[in-house]
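Below: the structure, in structure tokens.
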Amino acid sequence: MLFLRIAWIVGQAGIGTTIAIIFLSGVVCVITALSLSAICTNGVLQGGGVYYIVSRSLGAELGASVGIIFAFANSVAASMNTIGFCESLNALLKSNGLKIIDNDVNDVRIVGAIALLVMCVICAIGMDWETKTQNILIIIIVVAIFNYIIGVFVGPLNDTAKAQGFVGISLENAKKNFGTDFRYDENQYHDFFSVFAMYFPAVTGVQAGANI
């Protein structure tokens, strides 16, 4: 979500409001992480992740409720991230004139099924492999972020990039896009809260460390 929607969010909310959204999201994550850290220091932790922590600290009833909701939340997050990955890969294939079947929903289904199968295999092998896979993925994410930053400073390399709206660093362009410009898109008129809801999933997952 961080890579797929940040440009759309800046287009709707502007640079200033986007910075505010990122700051508020960071505050929520920090408060959640501090609360989780406070609960973790109540005793020696064993297997079970967030469910074990909450159930041993706040009671089995509340722990079971949180565990069920957390399981559903992980399922939704996995499906959302899988669809985002499939749509990004589909767009990349389409831009290079490649396709599996139709460059549309069928390609998304095929890639999504393969991605889910790979994730199931990794989880079935064991947490050690899952942790090693996360280390590889974090390297890929860091490389992608640096690639994004370098691309901004390098700027457009040809007229095609300029025609698509990529102008590189421009103070004039930043001034034009600093304020909000909420518009009707995807069958609804967007405001601060709808844009915030679109960005917030990009910073979730702070419980991942507790589940290892």
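The numbering of the sequence shown is the UniProt record's numbering, which starts it at 1 and goes up by one.
Ideal Cβ placement from N, Cα and C applies to all residues, glycine included.
Keep in mind it's a predicted model, so treat the numbers as computed, not measured.
Exposure of Val154, with buried meaning 16 or more beta-carbon neighbours within 10 Å: As a position in the sequence shown, residue 154 is number 154, starting the count at 1. Classification for Val154: exposed.
Just checking my contact of Thr160 with Leu116 at CB under 8 Å: how many whole Å lie between their CB atoms? Locating residue 160 in the sequence shown gives position 160, counting from the first residue. Locating residue 116 in the sequence shown gives position 116, counting from the first residue. Rounded, the Cβ-Cβ distance is 35 Å, inconsistent with contact.
Looking at the structure shown, is Gln188 part of a helix, part of a strand, or coil, going by DSSP? Counted from its first residue, the sequence shown places residue 188 at position 188. In this structure, DSSP gives Gln188 an extended state, which the three-state scheme calls strand.
Thinking C-beta only, is Phe200 closer than 8 Å to Asp191? If you number the sequence shown from 1, residue 191 lands on position 191. If you number the sequence shown from 1, residue 200 lands on position 200. Cβ distance not < 8 Å, so Asp191 and Phe200 don't count as in contact.
Neighbour-count burial assignment, Gly14, 16 or more Cβ in a 10 Å radius: What you label residue 14 is simply residue 14 of the sequence shown in a count that begins at 1. With 16 or more other Cβ atoms within 10 Å, it is buried.
Can you tell me which of the three DSSP states Thr41 falls into? As a working mapping, residue 41 is identified with position 41 in the sequence shown. Coil, per DSSP.
Tell me the DSSP secondary structure of Asn135 in three-state form. Sequence index remark: in the sequence shown, residue 135 carries index 135 (1-based). In this structure, Asn135 counts as helix in the three-state DSSP scheme.
Pick out whichever of Cys120, Gln188 and Ile21 has its Cα sitting closest to the Cα of Ala197. Mapped onto the sequence shown, residue 197 falls at position 197. For Ala197, the nearest C-alpha among the options comes from Ile21.
CA-CA distance, Asn177 and Gly126? Start at 1 with the first residue of the sequence shown, and residue 177 comes out as number 177. Start at 1 with the first residue of the sequence shown, and residue 126 comes out as number 126. When rounded, the distance between both Cα atoms is 47 Å.
Close beta carbons around Val206, own chain, < 8 Å, minus the five adjacent residues each side: Your numbering for residue 206 matches position 206 in the sequence shown. Apart from the 5 residues on each side of it in sequence, Val206 sits with its Cβ closer than 8 Å to the Cβ of Cys29, Thr32, Ala33 and Leu36 in its chain, given in chain order.
Using DSSP with H/G/I as helix, E/B as strand and the rest coil, what is Gln164? In the sequence shown, the residue the question calls residue 164 occupies position 164. Gln164 falls in the coil class under three-state DSSP.
Per DSSP, what kind of secondary structure is Ser170 in: helix, strand or coil? As a working note, residue 170 is residue 170 in the sequence shown. It is coil, neither helix nor strand.
Using 10 angstroms around the beta-carbon of Val167, count the other beta-carbons present and answer buried if the total reaches 16, otherwise exposed. Counting from one through the sequence shown, the residue named residue 167 turns up at place 167. By the neighbour-count rule (16 or more Cβ atoms within 10 Å), Val167 is not buried but exposed.
Can you give me the C-alpha to C-alpha distance between Ile6 and Gln12, rounded to a whole angstrom? Within the sequence shown, residue 6 is the residue found at index 6, counting from 1. Within the sequence shown, residue 12 is the residue found at index 12, counting from 1. Going from the Cα of Ile6 to the Cα of Gln12 covers about 10 Å.
Short Cβ contact (8 Å threshold) for Leu89 with Val121: The residue labelled residue 89 in the question sits at position 89 within the sequence shown. The residue labelled residue 121 in the question sits at position 121 within the sequence shown. In this structure, Leu89 lies away from Val121, with their beta-carbon atoms at least 8 Å apart.
Using DSSP with H/G/I as helix, E/B as strand and the rest coil, what is Val111? Looking up residue 111 in the sequence shown gives position 111. Val111: helix per DSSP, three-state reduction.
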